[in-house]
Amino acid sequence: MSDASPARRPRVLSGAQPTADSYHLGNYFGAFRQWAAMQDEFEAFYFIPDLHAITVDYDPALLRERTYIAAAQMLAAGVDPERSIVFVQSHVPEHAQLAWVFNCLTGFGEASRMTQFKDKSATGGADKASVGLLTYPMLMAADILIYQADKVPVGEDQRQHVELTRNLAQRFNHRFGETFTVPEAHIVKATAKIYDLQDPTRKMSGSNPSHAGVIDMIDTPKTVTKKVRSAVTDSGSEISYDPQNKPGIANLLTIHAALTGQEIDDIVAEYEGKQYGHLKVALGELLADFVGDFGRRTEELLADRAELDRIFAAGAARAREIAVPTLERVYERSGFVAPLG
Ligand code: TYM
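In structure tokens, the structure reads:
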């Protein structure tokens, strides 16, 4: 079927960096849950952006290990390699090749103004930040545009990168002729930003200074229960959903609702007259079960690395069937002489 065929299913694409020993609950609710839900309606591309992972300090042996953990956790979250194209970014070299073209279409100031770059480069100072950190969003644009993706399910923190991707698609199309589909971010409002349990004004993130407020998908049920029990809550004792004045309780209610599928209002009604502690105990138990099951599935998948390697190989082969012709078209439109053969 040709790429331009109107009969093709719309495409969804997303990735999550293998930069920690485990994904956390924010990744799960902000991203993976949507990935799993979208894989039938869409032709799905889900990948592990290992090239992005080397834009900050890293250890090669750990990166390799974390790539397998990332794959096992994606599958444990419901991504099915029979229904989705699952692959590792570095196995499809066309991403980096297309990124170069986008680097040359992006202003230096435009790239320097990206929020994630500003935050990450502020941590160690401009001299410590790699050029890769600056060009990170153009690689992300290449990840998305090389497959002509229609939807990109992400959390709120990636909205700006998807916006830049849209701009680059339009810029290229305008300058060199219609080439790229202009994608849309798919951000589920209710779970677009899960907050740290210890500091509910900060997003849950593996790079937060303490892990006490981050629920890792690899945590034991006991650790999870403890983390929820010691979650920072707000003054007062009445359970109500008020993100402005009660961000701690609002975050716990958000997680509870996401986990059970209940409406927040119904949960609030259920807890009328009860204390914060009651909500924490109930949520702690729910989460402990959830993470416990997730951990068991991850372990099983991780025990068979040969199978994960086969999934990666099959995924990269399918991905390249689309990535190679897109890159050829881009090179041709960019004015590069086609090599013989
Ligand atoms: P990454 O690896 O930081 O995060 C993976 C996904 O998890 C979401 N997320 C959250 N959602 C809700 N609450 C939170 N606290 C939270 N923390 C993280 C992120 O928004 C993301 O959806 N640049 C991307 C990886 C990437 C990518 C791509 C994504 C590379 N190429 C192409 C989409 C398409 C990133 O660093 O996500």
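Position one of the sequence shown corresponds to residue 6 (the numbering used here), numbered consecutively onward.
Beta carbons are placed, not taken as given, at the ideal position from N, Cα and C, and that holds for glycine.
Reduced DSSP secondary structure (H/G/I, E/B, other) of residue i
i, result
"Arg13", "coil"
"Val91", "strand"
"Lys251", "coil"
"Phe50", "strand"
"Glu268", "coil"
"Pro4", "Here the chain comprises residues numbered 6 to 346, so residue 4 is not present and cannot be evaluated."
"Asn108", "helix"
"Met43", "helix"
"Phe185", "coil"
"Val84", "coil"
"Met232", "The question names Met, yet the displayed sequence has Lys at residue 232. Reduced to three states, the DSSP call for Lys232 is helix."
"His57", "helix"
"Lys279", "coil"
"Glu305", "helix"
"Asn213", "coil"
Selected residue, minimal CA-CA separation from residue i, among the options
i, options, result
"Ala21", "Trp105, Leu30, Arg14 and His179", "Leu30"
"Leu103", "Thr128, Glu70 and Asp148", "Asp148"
"Gly278", "Gly340, Leu307 and Ser242", "Ser242"
"Gln163", "Thr140, Phe177, Ala174 and Ala197", "Ala197"
"Arg180", "Ser245, Asp271, Pro344 and Val106", "Val106"
"Thr140", "Gln203, Gln121, Gln280 and Leu150", "Gln121"
"Ile272", "Lys251, Ala319 and Ile244", "Ile244"
"Gln280", "Tyr152, Ala311, Ala174 and Ser240", "Ser240"
"Pro205", "Lys227, Ile254, Ile223 and Thr111", "Ile254"
Residues that residue i bridges to, as DSSP identifies them
i, result
"Ala190", "Val157"
"Asp221", "His29"
"Ser19", "Tyr51"
"Lys208", "Tyr200"
Residue i at chain C interface by Cβ criterion, 8 Å
i, result
"Leu144", "Among the chains in the structure shown there is no chain C, since it carries only a single protein chain."
- prompt: What residue ranges within the stretch 122-157 form continuous alpha helix (DSSP H) runs of no fewer than 4 residues, ordered along the chain?
  reply: 136-150
- prompt: At a cut of 8 Å, does the stretch 45-52 reach the stretch 91-99 through at least three beta carbon pairs?
  reply: yes
query: Can you find at least 3 beta carbon pairs, one from the stretch 186-201 and one from the stretch 156-163, that sit closer than 8 Å?
result: yes
- prompt: Is there contact between the stretch 53-70 and the stretch 285-295, where contact requires at least three CB pairs shorter than 8 Å?
  reply: no
field: the stretch 119-136 contacting the stretch 34-48, beta-carbon criterion three pairs below 8 Å
entry: no
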